[in-house]
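Counted the way our numbering counts, the sequence shown spans residues 103 to 250. Note that beta-carbon positions come from the ideal geometry of N, C-alpha and C, so glycine has one too. A quick note: this is a predicted structure, and the numbers were derived from the prediction, not measured. Working notes, beginning with the structure itself.
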Amino acid sequence: MASFQIIVGSMLGGSEYVAEACQEALEALDHQTQLHLSPDLADIPHRNQIWLVCTSTHGAGEYPDNFQPFVDQLTDQEIDLSTTKCLTIGLGDSSYDTFCQAAKNINNLLISKGCTKITEPLLHDMQADIDPEVLSAQWLCDLNDQLS
103 MASFQIIVGS MLGGSEYVAE ACQEALEALD HQTQLHLSPD LADIPHRNQI WLVCTSTHGA
163 GEYPDNFQPF VDQLTDQEID LSTTKCLTIG LGDSSYDTFC QAAKNINNLL ISKGCTKITE
223 PLLHDMQADI DPEVLSAQWL CDLNDQLS
């Protein structure tokens, strides 16, 4: 099975809850996981890994405070993610024109560093999605054939 690095950007805990639900779902599917609640690029394996990024968006499309240093590291460093695959889950509010902008931006940044996108990001509208944890876990289960 696959090895997942679950990278979390969260201000109020919503993305963390989603990430933990995803971790449980992936482990139930016999995948290996490691959760990064305060991500540091130096601590996250990337060769032959799947990076699952779970992040919320704040303000005018900004990253959560715990996630910005990771984004800065990823932006500033030369890193080859050509052996890394990625999945992105975003949480946001569709009443803002920057709906899930942080998730869209990190997804594009990962691709620009050579990461292979497995599928389009899953974007949760917190105005409408009652249980993003369950929806995210089910999304991963549905993608399981593409994850190995």
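Burial state of residue 243 is exposed, judged by a 10 Å Cβ sphere holding fewer than 16 other Cβ atoms. Sixteen is the threshold: when 16 or more other Cβ atoms of the shown chains lie within 10 Å of the Cβ of residue 192, as they do, the residue is buried. A distance below 7 Å separates the beta carbons of residue 195 and residue 229.
Taking the Cβ atoms as the reference, residue 159 lies roughly 5 Å from residue 203, within the contact range of under 8 Å. Bounds of the beta strand (DSSP E) holding residue 192 are 187-194. With fewer than 16 other CB atoms across the displayed protein chains lying within 10 angstroms of its CB, residue 236 is exposed. Secondary-structure assignment with DSSP links residue 158 through a beta bridge to 193.
Residue burial annotation: residue 152 is buried, with at least 16 other C-beta atoms found within 10 angstroms of its C-beta. Taking a 10 Å sphere around the C-beta of residue 185, we find fewer than 16 other C-beta atoms and assign the residue as exposed. Secondary structure at residue 250: coil, using DSSP grouped into helix, strand and coil. Looking at the DSSP output, residue 153 sits in a beta bridge with 107 and 188.
Listed as beta-bridge partners of residue 137 by DSSP are 108.
Pairing residue 223 with residue 205 gives a Cβ-Cβ distance under 7 Å. Per DSSP, reduced to three states, the secondary structure at residue 132 is coil, with no helix or strand assignment. In this structure, residue 239 and residue 121 do not form a Cβ contact; the two beta carbons are roughly 11 Å apart against a cut-off of 8 Å.
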